[in-house]
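The opening residue of the sequence shown carries number 599 in our numbering; numbering runs sequentially from there. In what follows, a structure is listed as structure tokens, so that the remarks can point back to it.
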Amino acid sequence: MKSQPRCEARRDAGYLHASYAASFDGDCRPLELAVAGGWLVRRPIEGAGLFDATGPYPLFRCRHWPGLEDDLRRLEKERSIVSASLVVDPLSLPEGDLLARIFNHVAFPFKTHYLIDLERPTRISSNHRRNISKALRSVDVEYCGDPATRQQEWVDLYSRLVERHRITGAAAFSHHTLAAQLRVPGLHLFRAVRRGETVGICLWLREGECCWYHLAAYSDAGYRAGASFALFEHAIGLFRETGARVLNLGGGAGSVATEDGLTRFKQGWANLTARAWFCGHVVDRSSYNQLMAETKSASGLFPPYRFG
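Here's what the structure looks like:
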């Protein structure tokens with residue numbers, strides 16, 4: 599049986615690039631993990647005068663997993679953050695029980711991600727094939743060699759998406775972050791055009807042979823035309839033609855497995871699944887215990903003081 603595909607990390611593009619970690623604005627700051635070859639994003643803990651850190655949303659990748667333990671030990675000595683939490687990309691999972699040994703609080707399988715292994719037979723659902731045909735009669739798809747030229751259209755579309763679905767938390771990217779991410783090396787932008795108007799934009803990140811679906815947003819006309827089907831069909835075809843080996847479409851909406859529309863959409867393209875992992879580490883035990891003493895209720899999420 600063929601094993602799950604893995605992607606060797608490259609720091610020159612995608613989620614591993616320094617500019618991706620630096621794209622988060624406000625009071626967030628990139629925090630380099632020099633030994634592991636990855637990044638966290640430091641953020642203030644409201645009302646506490648303290649900081650914790652999270653992996654750059656939506657996925658954490660690093661080049662050298664054993665080195666992450668050294669980086670966490672250094673942070674423990676510095677006591678510069680209270681805790682660290684991250685979602686590990688399923689294409690980057692280390693072998694064995696390394697995650698459980700590195701992280702001192704939690705390490706467990708999280709969301710199911712939908713993958714396309716381009717070295718295996720692809721299987722697009724019959725419903726998707728019908729929707730692709732319909733969409734391609736309604737929109738044209740363009741690959742944009744310079745994503746930054748579509749900055750205003752992208753910011754407008756995504757801002758309307760946030761408003762329409764009342765998105766909060768990490769996925770509610772600011773205008774600054776949306777614009778900054780268009781300049782990250784390895785970002786690919788596809789747009790759907792109907793009657794001269796951009797009705798949908800889809801973003802992917804690429805490191806060598808591996809690609810990650812990142813974000814997408816559509817106008818009302820784009821939804822009606824099924825622009826998402828045309829954009830995915832075009833992007834998958836281009837990545838296949840240019841030597842990609844595996845595509846990670848991500849998971850469904852929310853933190854648990856559901857049959858939401860996004861899940862069904864991704865399932866219709868995928869020929870493989872894999873689990874991302876959630877990991878949490880207490881860095882400054884004294885400050886963590888103090889925050890926990892002030893937390894009203896335990897939610898089961900980590901770090902609890904952000905959700906209690």
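We treat Cβ as the ideally placed atom computed from N, Cα and C, and that holds for glycine.
Q) Is the Cβ-Cβ distance between A634 and L666 less than 8 Å? A) yes
Q: Go ahead and label P654 buried or exposed: buried means 16 or more other beta carbons lie within 10 angstroms of its beta carbon, across all protein chains shown.
A: Around the beta carbon of P654, 16 or more other beta carbons sit within 10 angstroms, so the residue counts as buried.
Q.
Tell me the DSSP secondary structure of P642 in three-state form.
A. DSSP places P642 in the strand class (E or B) of the three-state scheme.
Q | Pairwise C-alpha distance: R659 and T893 | A | About 31 Å.
(Q) Based on DSSP bridge pairs, tell me the residues matched to D738. (A) V791
Q | W810: first and last residue of the uninterrupted alpha helix (DSSP H) it sits in | A | It is not in any alpha helix (DSSP H) - W810 instead sits in the beta strand (DSSP E) that spans C808 to Y816.
Q) Does the distance from the CB of H879 to the CB of L670 come in under 8 Å? A) Yes; because the gap between Cβ atoms is below 8 Å, this pair is in contact.
Q.
So, does the region 773-787 touch the region 613-629, judging by three or more C-beta pairs under 8 Å?
A. yes
Q) Do the CB positions of F788 and L829 come within less than 8 Å of each other? A) yes
(Q) I679 and D715 - do their beta-carbons sit closer together than 8 Å? (A) no
(Q) Please report the distance separating the alpha-carbon of S690 from that of P719. (A) Here the alpha carbons of P719 and S690 stand approximately 23 Å from one another.
**Q.** Sub-8 Å separation of A868 and L713 beta-carbons
**A.** yes
Q. Exposed or buried, S897, counting other C-beta atoms within 10 Å across all chains shown (16 or more means buried)?
A. Counting other Cβ atoms within 10 Å of its Cβ, S897 stays below 16 and is therefore classed as exposed.
Q. Got a sec, what are the start and stop residues for the beta strand (DSSP E) G546 sits in?
A. Any question about residue 546 goes unanswered here, given that the chain covers just 599 to 906.
Q. Roughly how many angstroms separate the alpha carbons of V753 and E644, rounded to a whole number?
A. 27 Å
(Q) By the DSSP assignment, the beta strand (DSSP E) with D715 in it spans what residues? (A) Where D715 is concerned, the enclosing beta strand (DSSP E) stretches over V704 to D715.
Q) Does the Cβ of G866 have 16 or more other Cβ atoms within 10 Å, making it buried, or fewer, making it exposed? A) buried
Q.
For W637, tell me which candidate among V686, E807 and G859 has the shortest Cα-Cα distance.
A. V686
Q.
Helix, strand or coil for R758? Go by DSSP, reduced to three states.
A. helix
Q | Straight-line Cα distance separating H812 from G806 | A | 16 Å
**Q.** Which listed residue (F876, C808, G798 and F905) has its alpha carbon closest to that of S826
**A.** G798
Q.
On the CB-based measure, 16 or more other CB atoms within 10 Å of its CB, does D738 come out buried or exposed?
A. exposed
Q.
Is the separation between the beta-carbon of F708 and that of R873 shorter than 8 Å?
A. A contact, by the Cβ cut-off of 8 Å.
**Q.** Nearest to R822 (by Cα), restricted to the options R804, C808 and V791
**A.** For R822, the closest C-alpha among the options R804, C808 and V791 is that of V791.
Q. Where does R721 sit, in a helix, a strand or coil, going by DSSP?
A. For R721, the three-state secondary structure derived from DSSP is coil.
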